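Okay, structure first, notes after.
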Amino acid sequence: MPKTKKSKKLTKENAEDALKKVIDPELGLDIFTLGLIYGIDLKEENSIHIKMTFTSPMCPYGPFLIEDIKKHITDAGFSNPHVEVIFTPPWQPTKEVRMMLGLN
Numbered sequence: 634m635p636k637t638k639k640s641k642k643l644t645k646e647n648a649e650d651a652l653k654k655v656i657d658p659e660l661g662l663d664i665f666t667l668g669l670i671y672g673i674d675l676k677e678e679n680s681i682h683i684k685m686t687f688t689s690p691m692c693p694y695g696p697f698l699i700e701d702i703k704k705h706i707t708d709a710g711f712s713n714p715h716v717e718v719i720f721t722p723p724w725q726p727t728k729e730v731r732m733m734l735g736l737n
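For the sequence shown, position 48 matches number 681 in my numbering, and the numbering has no gaps at all.
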């Protein structure tokens with residue numbers, strides 16, 4: 634009888650680590666540090682729902698970022714990633730992020 638591989642329970646920290654690998658090509662920082670992630674909701678069987686925003690509603694890299702998120706989240710072991718893009722509240726960089734970007 635073949636052994637069945639039991640999938641490990643993934644955590645919000647696993648998701649955050651995966652999201653830190655997604656780099657905004659325009660700003661050169663990861664989307665988690667930038668504050669573009671508004672919510673991470675873990676579902677049954679390691680599926681995940683992510684709420685995020687873009688730096689602007691007309692972000693030309695939006696589709697690329699969504700695909701990159703799905704890739705890194707899936708690589709981390711999550712299944713059925715769903716990315717919801719919202720614009721409320723509008724993105725505002727924190728003081729730390731502004732300093733990283735040289736926008737004092």
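The C-beta atom is built at its ideal place from N, Cα and C for all residues, glycine as well. Since the structure is predicted, the reported quantities are computational estimates derived from the model, not experimental observations.
query: Reference Leu-652; option with closest CA among Lys-676, Gly-735, Ile-683; result: Ile-683
query: DSSP three-state assignment for Gly-661, whether helix, strand or coil; result: coil
query: Cβ separation of Met-691 and Tyr-671, assumed to be a contact under 8 Å, to the nearest whole Å; result: Not really, about 19 Å apart at Cβ, beyond 8 Å.
query: Contact set for Gly-707: own chain, Cβ-Cβ below 7 Å, skip 5 residues either direction; result: It should be noted that the sequence gives Thr, not Gly, for residue 707. Cβ neighbours of Thr-707 beyond the five flanking positions: Pro-714.
query: Thr-727 versus Gly-668 - alpha carbon distance; result: 8 Å
query: Min CB distance Pro-722 to chain D below 8 Å; result: The structure shown has no chain D; it contains just one protein chain.
query: Supposed close pair Ile-664, Asp-674 - CB separation, criterion 8 Å; result: No, Ile-664 and Asp-674 are not in contact; Cβ-Cβ is about 17 Å, not under 8 Å.
query: Beta-carbon separation (whole angstroms), Asn-737 vs Ser-712, contact threshold 8 Å; result: Going by Cβ atoms, the distance from Asn-737 to Ser-712 rounds to 42 Å, so no, they are not a contact pair.
query: Proximity below 8 Å, CB of Leu-662 to CB of Gly-710; result: no
query: Contacting residues, own chain, Cβ-Cβ under 6 Å from Ile-702 (five flanking each side not counted); result: Val-655, Val-716
query: Close-in-space but distant-in-sequence residues of the same chain around Phe-720 (CB under 7 Å, 5 per side omitted); result: Thr-686, Pro-690
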